[in-house]
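For the sequence shown, our numbering assigns the number -11 to the initial residue and increments by one for each residue that follows. Ideal Cβ placement from N, Cα and C applies to all residues, glycine included. Heads up, the thing below is written out as structure tokens.
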Amino acid sequence: MIIPIIMAGGSGTRLWPLSRSLYPKQFLSLINENSLLQETLKRLDGLNCLPPVIVSNNEHRFIVAEQLRQFGVDDFQIILEPVGRNTAPAVALAALKSLELHGDHHMLVLAADHAIQDIEAFHAAVLAAEQESVDNKLVTFGIVPTKPETGYGYIKKGEQVKNSVFKVNSFVEKPDLETAKNYLEQKCYLWNSGMFMFKASVYLDELKKISP
């Protein structure tokens, strides 16, 4: 079973003034009548998922709950970050909560503000990631770049494992334009989507190795 972990605590300031710190872009309807958060939930239809865990903050907790209920989702958990410390500790909180609620299932970590059009490809990638995380691997999702983008981090592909699954050679921070053009030409770099899958226990064990 998959436990969706939806990261909904961002401030969305890059889309200012439409997106503001008290009502950031994940709560806005930018594609259709649904907010980006609601579209993220809709994207999970057809996958074998347990109730979602939403990681947010004190300022947004009522907006999150309202939007989930508006969308017909009544079974969910909201985890509030006392202080924003970026992704790793937020996912750690979610991993601990997931173990408490459901045991050691596969966590699918998603951003609440993504726009993904090809749902079939998304589902295929999630199912492939689930197969890999069975073997206690940490899986990240890369996107084939379509242009030299300086606003994203990149993943350099390593050895092919099977089909569309590769080992990670390295993670690269947001490059300058010339470097991004070079990445595009090399065809071995992917945009870092910020989506992940792993078992809760595996993630926590890896954190202990890095920060005991």
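Under the rule that 16 or more other beta-carbon atoms within 10 Å means buried, what is D33, buried or exposed? exposed
Own chain, CB closer than 8 Å to Y191, minus 5 neighbours either side, in chain order: V79, A80, A83, M95 and L126
Close Cβ partners of S121 (< 7 Å) along its chain, the five nearest in sequence each way excluded: H94, V127, M185, F186 and K187
What's the gap between the Cα of K135 and the Cα of H102? A direct Cα-to-Cα measurement between K135 and H102 gives close to 18 Å.
Measure the C-alpha to C-alpha separation of N46 and F129 and round it to an integer number of angstroms. Their backbone Cα atoms lie some 29 Å apart in a straight line.
DSSP three-state call for H111: helix, strand or coil? The three-state reading of DSSP puts H111 in helix, counting H, G and I together.
From D62 to N74, what distance separates their C-alpha atoms? In this model, D62 and N74 are separated by some 27 Å (Cα to Cα).
Classification of P5 by the beta-carbon crowding that lies within 10 angstroms, buried from 16 upward: Since pLDDT at P5 reaches only 49, below the 50 mark, its modelled position is unreliable, and no value is offered.
Cβ atoms of G141 and F159: under 8 Å apart, would you say? Going by C-beta atoms, F159 is nearer than 8 Å to G141.
Cβ atoms of V114 and L178: under 8 Å apart, would you say? no
Decide if T28 is buried, meaning its Cβ has at least 16 other Cβ atoms within 10 Å, or exposed. buried
Residues that P70 bridges to, as DSSP identifies them: None; P70 has no bridge partner.
Quick one, are the C-beta atoms of V41 and K85 less than 8 Å apart? yes
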